[in-house]
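For the sequence shown, the working numbering gives the first residue as 179, with consecutive numbering after it.
Glycine included, C-beta positions come from ideal geometry on N, C-alpha and C.
Here the structure is a predicted model, which means the values were calculated and not measured.
What follows is a single structure, written as structure tokens, with notes after it.
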Amino acid sequence: MGIIVAIGGGEISELETLSIDQTIVDLTNKRKPKALFIPTASQYGCRRVL
Numbered sequence: 179m180g181i182i183v184a185i186g187g188g189e190i191s192e193l194e195t196l197s198i199d200q201t202i203v204d205l206t207n208k209r210k211p212k213a214l215f216i217p218t219a220s221q222y223g224c225r226r227v228l
């Protein structure tokens, strides 16, 4: 069975989430883990989603 990890907040482009992102990658024990990024509304508007 797989595990789903969901987090929210932080600015990816400024590496605010780097430590938690790395921890999640490490938990997979895979050389090339797969990830899904689902953007949410933010103060920067649609230009971040493109």
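Tell me whether residue i sits in a helix, a strand or coil according to DSSP, three-state version.
{"i": "Thr218", "result": "coil"}
{"i": "Leu193", "result": "coil"}
{"i": "Ile182", "result": "coil"}
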